[in-house]
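Chains as they are written, first to last, in this note's numbering: chain A, 1 to 266; chain B, 267 to 682. Beta carbons: idealized from backbone N, C-alpha and C, even for Gly. Structure first, then comments.
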Amino acid sequence: MANERRKLLEVSGLTMDFGGLRAIDSVGLDIHAGEIVALIGPNGAGKTTFFNCVTGIYTPTAGDIVIAPPDGSSRRINGLKPNAITSLGMARTFQNIRLFPAMTVLENVMIGRHCRTRSSILDVIVGGARTRREERETVATSYRLLEKVGLADLAGEYARNLSYGAQRRLEIARALATEPFLLLLDEPAAGMNPQETLELEALIARIRTDNELAILLIEHDMKLVMNISDRITVMEYGKKIAEGTPREIKENPKVIEAYLGEEAHA
Amino acid sequence: MTHFKKSLGIGLWFMFLTFPLMVVRVNTIDNVIEWRWSNVVWVGACAAAIAWLWQFSIERRAARHAAALADPHPQAKRHTLAQRLSDDPALTRRALIVAGLLAVVFPWVTSTTQNFYHINVMVSALIFVVLGLGLNITVGLAGLLDLGYIAFFAVGAYTYALLGQHLALGFWICLPLGGLVSMLFGLVLGFPILRLRGDYLAIVTLGFGSITKIILENWDTAFGGAAGIAGIARPEFFGMTLEGRMQSVYTYYIVLALVAATIFIVTRLKNSRIGRAWMALREDEIACEAMGVDMARTKLSAYALGAFWAGLVGVVFAAHNTFINPDSFTFMDSAMVLAMVVLGGMGSILGVIIAALTLKLLPEYLRAFAEYRMLVFGAVMVLMMIFRPQGLINDMRRKYELDTADDADGGDDNGK
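See below:
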């Protein structure tokens, strides 16, 4: 099924060295339109480093990262700045929540609109009709996104006052505000209770259909991963050790040995 | 009761500590030792009273903190005056009109043709209000600590002095030029420090401030050295040069207009895409960049705009004093402007204005206590850090409304 669809992201031979340490060793990964792909592996396997390479926070030592936005263009994005990559249409959330704590919930989402709006300093000072309209649209779009993740009531609250689960959902809303075609979620369920995780699962599924985007997910909660993913890539010690559908991964002896062990037998 | 006992203990302890100083005095003329027992009572009473007040305030602060924690929506309950002001546009407008009227009549009420001291004091204070608001962009909004801000002020002042001296350019041409030159310096300084943060940024800006002052002091041929530049032209009024009181009133109105323009523009910027990007940069640089904000451009714009205002008002400063030398641009002045931003509350425009006026006007009118100035200054700073670390006035976040029904509806339709 996957092969019929357009490839949105194609990573091949990605390698990242930190001094003498090879954090990622020649890892490849494809994501197709509308897919949810999970990246799993034990702690320290290099999953977040992989994310950071793809989103431009690190410049990879070797390998190619090519994105093909739905508009048909295609581009190698190695070494681009994070904001440029976000403008191209890939948005992420962070493993350790990185909101803007002293700004309101709504403003946090509005920051996501930054790269989709144009007003310059001069425009803002003059305050022309176009600038005001853009500002109104920013507020309206951000508000709708808050409604989608169920935070509309808390729009005026400071982000730091939100509960942990709400902060995670706010990060997702903020990433969605950048109008991505590919959303990268770094452990979105970390620290959530089972109920919240269930809600998150529903939210991710809803986002995929509503916004027509693909999702790359790092997650340790195996129930969530198995339920939601179309395909799973497993990493260990910086190397890719397996790739396949949830069922294949569950039965892959290498994965069982490395990581899933008890989960798979249970 | 425990407070009372503790205060009493502290009082006794202070009586004991200060005993040799406050009680025993050797009178070398009569060769006798005087015992001033009444002093010890005063010391004890004052120490106990201050200790009691101290504990009381600490406890109240703790109680308030606990109450705020227990209350899930603290913002909804606590309505400070500033909060009410920002929430109610009608009230804001009225307050602005009153403040504006007071500012406009001020020079006529407080001065005579002979004595216009108050106007000149106010001009100096307003110059620092603009400086504070400018630095508020860099430090308060964008979170880029700048310890050499006064250097941009110097650039503006010297730009006007030199252009006036060599090219005989007038005040009104130099006003924007001073701002632009200063902005250029802001950009030049901004580029190398794009990657720096926190302490490192502070050190580089501190160095920039010092370097500027040292160059001004030592390059005699270009900048007049430590003697500075004298005989700078005052602002001309449609080709005329005003005299005495009228000149001061005129300068006052120029600065006042500058203050008003600064407030207007900074408010606009703050509640816009640009201002939000600055604040996001202050909050979390990595997340800010990952959300599509161009960090280099945002940082540079914050630096350049902050510098622009310093340069602009530097021109006014030079024109007002008709004489400048490097001593007006010391680190103490940078620290003073920074103190205004911190005391007023990072990012809060009203807070910075109040802090700037207080810090400039109080020392001026309390010259009698000039010896204790730094003591009081230090004490106030320490007390502020303990009781109101967020500054005098909290930076109030604007409430965004989904305004005008048709717009909201249009938006919803798109969403569905």
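Where the alpha helix (DSSP H) containing residue i begins and where it ends
i        : result
Ser270/B : This sequence places Phe at residue 270/B; Ser is not what is there. Phe270/B -> alpha helix (DSSP H) spans 268-288.
Met235/A : Unbroken run through Met235/A is the beta strand (DSSP E), 231-236; no alpha helix (DSSP H).
Arg399/B : The sequence given here has Leu at residue 399/B, not Arg. Element bounds for Leu399/B: 383-401.
Phe18/A  : Counting along the chain, Phe18/A falls outside any alpha helix (DSSP H), though it belongs to the beta strand (DSSP E) covering 7-18.
Trp485/B : Trp485/B -> no alpha helix (DSSP H), and no H or E assigned at all.
Arg168/A : 164-176
Gln431/B : 416-433
Glu502/B : Where Glu502/B is concerned, there is no enclosing alpha helix (DSSP H), given that its DSSP letter is neither H nor E.
Gln513/B : 510-536
Pro355/B : 355-376
Asp123/A : 121-126
Thr131/A : 129-148
Ser614/B : First-last for Ser614/B: undefined, no H or E at that position.
Val648/B : 639-653
Ile552/B : 551-556
Pro442/B : 437-456
Expected contact under 8 Å - CB spacing of residue i and residue j to nearest Å
i        : j        : result
Trp318/B : Ser273/B : 4 Å
Leu29/A  : Met90/A  : No, Leu29/A and Met90/A are not in contact; Cβ-Cβ is about 13 Å, not under 8 Å.
Met545/B : Leu407/B : 6 Å
Ser476/B : Phe597/B : 7 Å
Leu39/A  : Leu200/A : So it is not a contact: roughly 17 Å between Cβ atoms.
Arg247/A : Glu35/A  : Not a contact, Cβ separation roughly 16 Å.
Gly56/A  : Leu80/A  : 5 Å
Ile459/B : Leu467/B : 6 Å
Thr93/A  : Ala214/A : Incorrect: roughly 15 Å between the Cβ atoms, too far for contact.
Asp64/A  : Lys239/A : Actually they do not touch by this definition, with Cβ atoms about 18 Å apart.
Residue span of the beta strand (DSSP E) that contains residue i, given as start and end
i        : result
Ile36/A  : 36-40
Gly28/A  : 21-32
Lys665/B : Segment: none, Lys665/B is in no beta strand (DSSP E) and carries neither H nor E.
Leu185/A : 182-186
Ile241/A : 239-244
Asp296/B : Looking at the DSSP string, Asp296/B is not in any beta strand (DSSP E), and its letter there is neither H nor E.
Ala62/A  : 62-67
Between the CA atoms of residue j and residue i - distance to the nearest angstrom
i        : j        : result
Tyr424/B : Ala584/B : 8 Å
Ala693/B : Leu428/B : Outside the modelled stretch of chain B, which goes from 267 to 682, sits residue 693/B, for which no answer is possible.
Leu625/B : Met606/B : 7 Å
Gly510/B : Thr379/B : 8 Å
Asp186/A : Ala205/A : 16 Å
Ala705/B : Gly277/B : Residue 705/B cannot be examined here, being either before or after the span of chain B that is shown, 267 to 682.
Gly13/A  : Ala62/A  : 7 Å
Tyr631/B : Asn587/B : 19 Å
Gly445/B : Met612/B : 23 Å
Ala671/B : Ala356/B : Low local confidence applies: a pLDDT of 39 at Ala671/B is under 50, so the model's placement there is unreliable, with the coordinate-based value given in what follows. Roughly 21 Å between the two C-alpha positions.
Thr15/A  : Ala45/A  : 13 Å
Ala553/B : Met640/B : 40 Å
Ser142/A : Val149/A : 11 Å
Asn293/B : Ala311/B : 26 Å
Pro592/B : Ile125/A : 34 Å
Met651/B : Ala645/B : 10 Å
Ala499/B : Gly580/B : 14 Å
Met288/B : Met647/B : 28 Å
Ala576/B : Leu145/A : 40 Å
Thr178/A : Leu335/B : 34 Å
Thr284/B : Trp303/B : 12 Å
Phe100/A : Ala601/B : 28 Å
Contacts around residue i, its chain only, beta-carbon distance under 7 Å, and the 5 residues preceding and following it disregarded
i        : result
Ile697/B : Because chain B is modelled from 267 through 682, residue 697/B falls outside the range shown and cannot be assessed.
Gly191/A : Tyr164
Lys47/A  : Leu39, Gly41, Ile218, Met235
Ala242/A : Val234, Ile249, Asn252, Lys254, Val255
Leu151/A : Val105, Ala166, Arg169, Leu170, Ala173
Ala189/A : Thr197, Leu200, Glu219, Asp221, Leu224
Neighbourhood of residue i by C-beta, 6 Å cutoff - its chain only, sequence neighbours within 5 removed
i        : result
Ile540/B : none
Leu392/B : Val521, Val525
Leu154/A : Val105
Tyr638/B : none
Closer than 7 Å: residue i CB and nearest the ligand COA heavy atom
i        : result
Asp230/A : Annotation note on the ligand COA: not contained in the displayed structure, which lists no ligands.
Nonlocal neighbours in the same chain, by C-beta distance under 8 Å from residue i, ignoring five residues either side
i        : result
Thr478/B : Gly414, Ala417, Ala420, Val421, Phe595
Gly284/A : This structure gives no information on residue 284/A, because the portion of chain A shown stretches from 1 to 266.
Enumerate, from N- to C-terminal direction, the unbroken alpha helix (DSSP H) stretches of 4 or more residues contained entirely within the stretch 85-114 of chain A.
105-112
Let me know the alpha helix (DSSP H) ranges lying completely inside the stretch 189-229 of chain A, each 4 residues or longer, listed in chain order.
194-211, 222-228
What are the uninterrupted segments assigned as beta strand (DSSP E) that are 3 or more residues long and contained completely in the stretch 306-342 of chain B, given in chain order?
none
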